[in-house]
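Peer 1: Residue numbers (UniProt numbering), protein chains in the order written: chain A, 1 to 79; chain B, 1 to 79. Built from N, CA and C at the ideal position, the CB exists for glycine as well. The model shown is predicted, which means the values in this text are computed figures rather than measured ones. Please see the structure below; I have some questions.
Protein chains: 2
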Amino acid sequence: MKARVHVMLKDGVLDPQGEAVRHALGSLGFSGVEGVRMGKVIELELQATDAAQAEAEVRQMCERLLANTVIEKYTVEIA
Amino acid sequence: MKARVHVMLKDGVLDPQGEAVRHALGSLGFSGVEGVRMGKVIELELQATDAAQAEAEVRQMCERLLANTVIEKYTVEIA
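Have a look at this one:
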């Protein structure tokens, strides 16, 4: 079973990496970019066969390792 | 207009970061993880109002900056 986790900075948290990318895009001539937010996507190959159990386990992984829940939010998709 | 870009390593390219996360999850007691692939997600706020034009522009951004197309693949979603 596959799971996909998106980890993004919470709204309101400054994203210096995103700002750097925005400036770089601007210097390459892409002027129509108003904002850039960067995040992580993590694809997990799981042995679990039950979707609910897999989702609960992945949420645990996010809480303990994959996301810094002080400044980051995450979403979990089970496929 | 919002665009979301996913940048992942191409299949077959070794993902040391993913391996490190897999081992860390294992040491935290998450034993059912067979594979981990890490990637970037980039959310762009664009001035463009035409979806086709926005997608073409974002693909250009990927080719020139956001993705290393030698080892990475990318997908573009326009919202």
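Cβ closer than 9 Å: which chain B residues qualify as neighbours of A/I42?
Peer 2: Position 42 of the first sequence, counting from 1, holds the residue named residue 42 of chain A. Those are G18, V21, V36, R37, M38 and G39, listed as they occur along chain B.
Peer 1: Entirely within the stretch 8-39 of chain B and at least 3 residues each: give me those beta strand (DSSP E) ranges in chain order.
Peer 2: Counting whole runs of 3 or more residues, the stretch 8-39 of chain B contains no beta strand (DSSP E) stretch at all.
Peer 1: Could you tell me the alpha carbon to alpha carbon distance between residue 82 of chain A and A/I71, rounded to whole angstroms?
Peer 2: Residue numbering for chain A in the displayed model covers 1 to 79; residue 82 of chain A lies beyond these limits and cannot be assessed.
Peer 1: I'd like the list of long-range same chain contacts for A/M1, defined as Cβ closer than 6 Å, with 5 residues on each side in sequence excluded.
Peer 2: For the purposes of this step, residue 1 of chain A is taken as the residue at position 1 of the first sequence. Closer than 6 Å at the Cβ level, and outside the excluded window around A/M1, lie L46, A48 and A54.
Peer 1: Short of 7 Å in beta carbon distance, which residues of its chain neighbour A/E43, apart from the five on each side in sequence? Order them along the chain.
Peer 2: Reading the first sequence from its first residue, position 43 is the one you call residue 43 of chain A. K2 and R4, listed in sequence order.
Peer 1: Name the chain B residues that come within less than 7 Å of A/L14, Cβ to Cβ?
Peer 2: Here residue 14 of chain A refers to the residue found at position 14 when the first sequence is read from its first residue. Within chain B, no residue comes near A/L14; the closest Cβ sits about 15 Å away, beyond 7 Å.
Peer 1: At a CB distance below 8 Å, what residues from the stretch 55-79 of chain A approach chain B? Give them in sequence order.
Peer 2: Residues E57, Q60, M61, R64, L65 and L66.
Peer 1: Residues in its own chain within less than 6 Å of B/R64 by CB, not counting five upstream and five downstream?
Peer 2: Indexing the second sequence from 1 puts residue 64 of chain B at position 64. There are no such residues.
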